[in-house]
Structure formats: structure tokens, C-alpha cells
Amino acid sequence: MSPPVYGDLGKSAKDVFGKGYHFGVLKLECKSKTNTGVEITAGGTNALESGKVAGNLETKYKVKEHGLTFTEKWNTDNTLNTEVALEDKVAKGLKLVLNTTFAPQTGKKSGVLKSTYKTDALSVNLDSTLDLGGPVVNGAAVASYKNWLVGYQMSFDTAKSKLTKNNFAVGFTTSDFILHTYANDGAEFGGSLFHKINPDLEGAVDLAWSAGSNSTRFSIGCKYSLDKDAALRAKVNNSSQIGLGYQQKVRDGITLTLSSLIDGKNFNQGGHKVGLAMELEA
29 MSPPVYGDLG KSAKDVFGKG YHFGVLKLEC KSKTNTGVEI TAGGTNALES GKVAGNLETK
89 YKVKEHGLTF TEKWNTDNTL NTEVALEDKV AKGLKLVLNT TFAPQTGKKS GVLKSTYKTD
149 ALSVNLDSTL DLGGPVVNGA AVASYKNWLV GYQMSFDTAK SKLTKNNFAV GFTTSDFILH
209 TYANDGAEFG GSLFHKINPD LEGAVDLAWS AGSNSTRFSI GCKYSLDKDA ALRAKVNNSS
269 QIGLGYQQKV RDGITLTLSS LIDGKNFNQG GHKVGLAMEL EA
């Protein structure tokens, strides 16, 4: 099995803190698939504090015999995004992606060419913006040896001839335990720990320290599956922000998520946030 790409290092812990929480918004997402194989995803969010409503529409079509995937996205900011991916055809383990964005109102266009190559012991990804004035080149690699993972990530601005990102990561992975540590630009250091305590309970700890501000961030979270259709989530950080979530699969294709963020330092002053999300799939 190939090691994860650099951006997916520590993903299990990130999911404990990120998935199942929708603070301060009402969210609706609908997924469907046509008889011809086109996957359609439509959704919208309403920010309760500002009242702003945003929507998006995505269509995806896969041509499996040619290894091609076409994805088109549109949102209410009137931005069109098109992505064409080619996988395992040029070479086994190689994925090439062309991503373009167009804003009709302003005429602004941008593009990114991405590539990912995976072997049993190595994952490499390289992407570049399509900018004639000087593209920004991003690259990363993750190597695995037994249960250990070592990764490096960089970003180079060719217009300024300057290295703008220089990150390192080390991880240790077992079937029920994942440790991830990182150092970003020599200024931010941190790590996360994920532990699957039993089949129903997952826990995670996240810690980070910034040299510039000399500040430390600490979070602890967990997910508990009540049964195959319901789960409870909870997390707390060193700013006394407490996140709670409850997810219930009402029936096949309908999932409801309730979440709240409580400010423990200002409990009596209000300012707490609630959120509701409904996911429909057919």
C-alpha cells in the first residue's frame, strides 16, 4: 500500500476535529447519480450570523476505460471550475490533473497543473500554476519504511526566485495508532496523535507551537459511535472552546448532523454557535 500524500499526513486526527461539525451555519447537501454515471452534488449554506447564503453545484463523470475523470463546479460567487484527471494511463501509479478556474464577471482566469506518483514505498506530488509571469511550483514527497513515514514539502515562487515553503514531517502508523509531527518553515512545530481505543471509540490530540508569537495551541477530541447509524463527537481546546456534535442516519440516504460551539470563557455572555446540516443521497 502506498504512503499517503503529504497533505493527508495526520488525516485521521484531522477528521476527529473537523468532520461532523458545522458551527454557525445551516447546510444542505444533495448527492445523486444518473443512469449514465454522472455524479451530481448540489448544496447550500446559510451563515446564521451574517445571513449570507452560498450555493454550489458539482458534476463528475468518469470514463473508466480511459482512466479519465471530468469534474465541473459552479458556486454562487459565479466562479466556474473545471478539472480533468488522467490516472494510471501514462504510467501505473501516475495521476495527472489539469484544473482551471474562470470568473465570468471579472474575466479572471487561472490554472494549475498537478501530478501525483505513487509506489509501494513513495508518494510524490508536483504542481505548478499556469502563470506566464512566473509560476509557483509546489512539490512534496512522503517515503515509508515499515511503520515510519517521512515527508518533505516545498513551494518555490519562480517570479521572485524564492523558496516560500519549507516543511518537514515524520509519522508512525499502526493499525490503531497514528502519530504525526511536523515543522513548518522552522517557525511552527506541532503534532497530532490518533488512537482507535476500541471499535466504537476514537480519540485524538493536537498540539502546535509558534516560535514567532510564542503561543501554544492544544486540542483534544473524540468520536463515539452509538450504533452503526449514530455518532457523538466532542472536542475542547486551550481557549476553552467546546465543540459538540451529534450525527444520525435517519434512513438510507438521509443523514442529519447537529453541532454547537460553546465559548467556555464567556459562557454567560452568549456568542455561542449552533449548526445544522442535512445530507441527502440517492
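First residue of the sequence shown: 29, per the numbering used here; consecutive thereafter. Just so it is clear, CB atoms sit at the ideal spot from N, CA and C, and this is done for glycine as well. None of the values given here were measured: they were computed from a predicted structure.
As assigned by DSSP and simplified to three states, the class of K47: coil
Distance between G299 and G218 (C-alpha atoms, nearest Å): 29 Å
Bridge-paired residues (DSSP) for T129: N109, S138
Among W102, S143, A70, the one whose alpha carbon lies nearest that of V118: S143
Residues of its chain near E216, where Cβ-Cβ distance is below 6 Å and the 5 sequence neighbours each way are ignored: S238
Contiguous beta strand (DSSP E) assignments of at least 3 residues, all confined to the region 218 to 302: 229 to 238, 243 to 255, 258 to 265, 269 to 279, 282 to 291
Span of the beta strand (DSSP E), counted from its first residue to its last, around M182: 176 to 185
Counterpart residues of A82 in DSSP-defined beta bridges: T73
Neighbourhood of A131 by C-beta distance below 7 Å, restricted to the same chain and skipping five residues each side: N106, T107
Residue(s) in a DSSP beta bridge with D36: Per DSSP, none; premise fails for D36.
Distance between D36 and G271 (C-alpha atoms, nearest Å): 23 Å
Status (buried if at least 16 other CB within 10 Å, exposed otherwise) for P227: exposed
Short Cβ contact (8 Å threshold) for A232 with G249: yes
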